[in-house]
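Before any comments, here is the structure.
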Amino acid sequence: MKPNFVQKVTNWGNFPVVEKEMKSEDSFKNIREFVLNHNEVIARGNGRCYGDSSLGEHIFSTKRLNKFISFDRLNGIIECEAGVLLSEVLEISVPQGYFLYVTPGTKFVSVGGAIASDVHGKNHHAEGCFSEYVIDFKLMIENGDIITCSRDENSDKFWATIGGMGLTGIILSAKFKLKNIESAYIRQESIKAENLDEIFRLFEESESWTYTVAWIDCLQKGNNIGRSILMRGEHAFQHELPESFKKNPLRLKKKFEPTVPFYFPGFVLNALTVKIFNFLYYKKQSKKEVKSFTDFETFFYPLDFVNDWNKIYGKSGFIQYQMMIPKETGKEGMKKILETIANSGNGSFLAVLKLYGKENPQAYNSFPFEGYSLALDFKVNSKLKKLIEKLDDIVQEYNGKIYLTKDSMSRSSLTNYLKNVQSSKFVSLQHKRIINNS
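Structure below.
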């Protein structure tokens, strides 16, 4: 007989799907009881990550830990429970003239998840990871105790938890800093690049911009390999805005949000449709360079505009593969990666190239280091595993790294993280056994 609360659980990629025990509580007493009565407990936020890291035997969902504790409007400091979503932070902070220092490509992730994954965004080269702006957090450890972790208090647990994928305990609440903004709009420039040489040159020339990211056509070959569009942006000042935006510069009009009502049939996404989409996406910008103003949601969260867009990939689901290669060999490594993908026929609609700055050595579990990353969405099919193995080999060849938050297929991606876990006295022996068996 199945225990209570056993259910089918999957994250945003709908792969893999597992049957596990999952429970949600807002009482610290009941959370402590759940932790003490189970082995192999792992916390899960909103399930918007692509990887399988939160799909443990006994899952604690933080969705009911969804309350704000305080908002210091003078200094731009928010304290909230771990299940609060970044979208909810933005709803109250943007009208007050504040924005997240660091945000990933979706606003529907929890604050606890942002810390556990130490999320990064389009501005790592300029402003680092989410952890740079975390002041402290409350953590329930394996014996049920609740401790405060910061750079000065329980700093060992603080740094082990940053990017620690939930292996040090359950984050209950957090306090973090926000940045000042004058408007809810971004001053943006979009520049077309014909190939890999040009896009790498554009990234180098754009390092003074706060936000940079490139969409890349991963199916191009030969002289066009790396054909892409660079988007760079800055938070717009009020005086820069077009007149139509100046009336309520910190408030956006509510938009119509379409919903994908059903899972697309498996045949819809294939090499031909990906190639057609990539061609049209590149050609839709007729000019070499376009300057414009856009709202922050369009710039940072273009996919959030469509509810349940993950259903486009069908019931078999999809994975996101995100890897990094050091800056000095970035172009050479990315060329090899793109050639391998193009030859496989497993194209990606969403291929994103980013430049990263220097890593924070204290945040030893964090993903980014100085270099380039490529993130790609692949529909799950019978040929995908072989492609991922080839990509893993290339990443290893160039001393690269795979993002654990996105991973659900690369077993080799655990190697570097296991070294940190095994050498850290702050991760319990119980958790070491769990990750070794994964």
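Residue numbers (numbering that gives the first Met the number 0): 0 to 437. For every residue, glycine included, the Cβ atom is placed at its ideal position computed from N, Cα and C.
**OP:** Counting only the same chain and skipping the five closest in sequence on each side, list residues whose C-beta sits under 8 Å from that of N241.
**Re:** For the purposes of this step, residue 241 is taken as the residue at position 242 of the sequence shown. Note on residue identity: the sequence assigns Pro, not Asn, to residue 241. Contacts found: F292.
Subject >> Sub-9 Å separation of K202 and L375 beta-carbons >> reply: Against the sequence shown, residue 202 aligns to sequence position 203. Against the sequence shown, residue 375 aligns to sequence position 376. Per the sequence presented here, residue 202 reads as Phe, with Lys not at that position. No, these two residues do not count as a Cβ contact at 9 Å.
Subject >> C-beta contact flag for W158 and N364 at 9 Å >> reply: Indexing the sequence shown from 1 puts residue 158 at position 159. Indexing the sequence shown from 1 puts residue 364 at position 365. In contact: W158 and N364 (Cβ atoms closer than 9 Å).
Subject >> Secondary structure of Y416, DSSP reduced to three states >> reply: Locating residue 416 in the sequence shown gives position 417, where the first residue counts as 1. At Y416, the pLDDT of 47 sits below 50, so the modelled position is not reliable; the number obtained from the coordinates is stated separately. Correct three-state label for Y416: helix.
Subject >> Among Y371, L73 and T211, the one whose alpha carbon lies nearest that of R186 >> reply: Here residue 186 is taken as the residue at index 187 of the sequence shown, counted from 1. Checking every option, the nearest Cα to that of R186 belongs to T211.
**OP:** Following the continuous alpha helix (DSSP H) through E338, name the residue where it begins and the one where it ends.
**Re:** What you label residue 338 is simply residue 339 of the sequence shown in a count that begins at 1. First-last of the alpha helix (DSSP H) with E338: G329 to S343.
Original post:
According to the neighbour-count rule (16 or more other Cβ atoms, all chains shown, within 10 Å of its Cβ), is K113 buried or exposed?
Top reply: Reading the sequence shown from its first residue, position 114 is the one you call residue 113. Note that residue 113 is Ala in the sequence shown, not Lys. When all chains shown are included, A113 counts as buried.
Original post:
Looking only at its own chain, which residues have a Cβ that is under 7 Å from the Cβ of N398, when we skip the five neighbours before and after it?
Top reply: Within the sequence shown, residue 398 is the residue found at index 399, counting from 1. These residues qualify, in order along the chain: P325.
Original post:
Taking the C-alpha atoms as reference points, what is the distance between L229 and K191?
Top reply: In the sequence shown, residue 229 corresponds to position 230, counting from 1. In the sequence shown, residue 191 corresponds to position 192, counting from 1. Spanning the two alpha carbons is a distance of roughly 6 Å.
**OP:** Determine the direct distance from the alpha carbon of S285 to that of Q237, and round the result to whole angstroms.
**Re:** As a first step, residue 237 is located in the sequence shown; it is residue number 238 there, counting from the start. As a first step, residue 285 is located in the sequence shown; it is residue number 286 there, counting from the start. Near 29 Å, if we compare the C-alpha coordinates of S285 and Q237.
**OP:** Taking the CB atoms as reference points, tell me whether G46 and S53 lie closer together than 9 Å.
**Re:** Within the sequence shown, numbered from 1, the residue matching residue 46 stands at position 47. Within the sequence shown, numbered from 1, the residue matching residue 53 stands at position 54. Their beta carbons are under 9 Å apart, which means G46 touches S53 by this criterion.
Subject >> Reference E152, options G163, I134 and I140, closest by Cα >> reply: Counting from 1 along the sequence shown, the entry for residue 152 is found at position 153. Nearest neighbour of E152 by Cα position, chosen from G163, I134 and I140, turns out to be I134.
**OP:** Give the DSSP-derived three-state secondary structure of L448 in the structure shown.
**Re:** There is no way to answer for residue 448, as the model of the chain reaches only from 0 to 437.
Original post:
How big is the Cα-Cα spacing for H37 and K176?
Top reply: As a working mapping, residue 37 is identified with position 38 in the sequence shown. As a working mapping, residue 176 is identified with position 177 in the sequence shown. Whole-angstrom Cα-Cα distance: 34 Å.
**OP:** Compare the beta carbon distance of K19 and E80 with 9 Å and say whether it is the shorter of the two.
**Re:** As a first step, residue 19 is located in the sequence shown; it is residue number 20 there, counting from the start. As a first step, residue 80 is located in the sequence shown; it is residue number 81 there, counting from the start. No, Cβ-Cβ distance for K19 and E80 is not below 9 Å.
**OP:** May I have the straight-line CA-CA distance separating T9 from P360, to the nearest angstrom?
**Re:** For the purposes of this step, residue 9 is taken as the residue at position 10 of the sequence shown. For the purposes of this step, residue 360 is taken as the residue at position 361 of the sequence shown. Answer to the nearest angstrom: the Cα atoms are 33 Å apart.
**OP:** Please classify Y397: does DSSP put it in a helix, a strand, or coil?
**Re:** Translated into the one-based positions of the sequence shown, residue 397 becomes position 398. Coil at Y397, not helix or strand.
Original post:
How about S23 and F59: are their beta carbons less than 9 Å apart?
Top reply: For the purposes of this step, residue 23 is identified with residue 24 of the sequence shown, where counting begins at 1. For the purposes of this step, residue 59 is identified with residue 60 of the sequence shown, where counting begins at 1. Note that the C-beta distance between S23 and F59 is below 9 Å.
Subject >> Start-to-end residues for the alpha helix (DSSP H) that takes in F298 >> reply: If you number the sequence shown from 1, residue 298 lands on position 299. Residues F295 to F299.
Subject >> Per-residue burial, I387 [other beta carbons within 10 Å of its own, 16 or more giving buried] >> reply: Reading the sequence shown from its first residue, position 388 is the one you call residue 387. Flag for I387 reads buried.
Original post:
Could you give the residue range of the alpha helix (DSSP H) that holds L35?
Top reply: Mapped onto the sequence shown, residue 35 falls at position 36. Where L35 is concerned, the enclosing alpha helix (DSSP H) stretches over F27 to L35.
Original post:
Helix, strand or coil: how does DSSP classify V93 here?
Top reply: As a working note, residue 93 is residue 94 in the sequence shown. Reduced to three states, the DSSP call for V93 is helix.
Subject >> Runs of beta strand (DSSP E) wholly within the segment 350-403 (minimum 3 residues, chain order) >> reply: 350-355 and 370-378
Subject >> Spatial neighbours of K320 in its chain, beta-carbon cut-off 6 Å, leaving aside the 5 residues before and after >> reply: Numbered from its first residue, the sequence shown carries residue 320 at position 321. The residue you asked about is not Lys; residue 320 is Tyr in the sequence shown. These residues qualify, in order along the chain: L375.
Original post:
Of all the beta strand (DSSP E) runs that stay within the bounds of the segment 65-122, which reach a length of 3 or more residues?
Top reply: If we require 3 residues or more, the beta strand (DSSP E) runs fully inside the segment 65-122 come out as 67-71, 76-80 and 97-99.
Subject >> Helix, strand or coil at I161 [DSSP, three-state] >> reply: Residue numbering aside, residue 161 sits at position 162 when the sequence shown is read from its first letter. In this structure, I161 counts as coil in the three-state DSSP scheme.
Original post:
By a C-beta neighbour count over all protein chains shown, 10 Å radius and 16 as the cutoff for buried, is L171 buried or exposed?
Top reply: Position 172 of the sequence shown, counted from the start, is the residue given in the question as residue 171. By the 16-neighbour rule on beta-carbons within 10 angstroms, L171 is buried.
**OP:** Locate the beta strand (DSSP E) running through V305, then write down its first and last residues.
**Re:** Residue mapping note: residue 305 aligns to position 306 of the sequence shown, counting from 1. No beta strand (DSSP E) holds V305; DSSP gives it neither H nor E.
**OP:** For Y49, name the three-state secondary structure that DSSP assigns.
**Re:** In the sequence shown, residue 49 corresponds to position 50, counting from 1. In the structure shown, Y49 sits in coil (DSSP, three-state: anything other than H, G, I, E or B).
Original post:
If you draw a straight line from the alpha carbon of L268 to that of E131, how long is it in whole angstroms?
Top reply: Within the sequence shown, numbered from 1, the residue matching residue 268 stands at position 269. Within the sequence shown, numbered from 1, the residue matching residue 131 stands at position 132. Rounded to the nearest angstrom, the two C-alpha atoms are 39 Å apart.
Subject >> Burial state of T414, where buried means 16 or more other Cβ atoms lie within 10 Å >> reply: Position 415 of the sequence shown, counted from the first residue, corresponds to residue 414. A caution first: T414 carries a pLDDT of 47, below 50, which makes its placement in the model too unreliable to give a value.
**OP:** Put F202 into one of helix, strand or coil per three-state DSSP.
**Re:** Start at 1 with the first residue of the sequence shown, and residue 202 comes out as number 203. Helix at F202.
Original post:
Out of curiosity, what's the CA-to-CA distance linking F67 and E90?
Top reply: Mapped onto the sequence shown, residue 67 falls at position 68. Mapped onto the sequence shown, residue 90 falls at position 91. Approximately 12 Å between the Cα atoms of the pair.
Original post:
Taking 9 Å as the CB-CB cut-off, is E242 touching chain D?
Top reply: Absent here is chain D; the protein component of the structure consists of one chain.
**OP:** Using DSSP bridges, identify the partner residues of A235.
**Re:** Looking up residue 235 in the sequence shown gives position 236. According to DSSP, which records beta bridges pairwise, A235 is partnered with nothing at all.
Subject >> Cβ neighbour criterion (16 or more within 10 Å) applied to F261 >> reply: Against the sequence shown, residue 261 aligns to sequence position 262. It counts as exposed.
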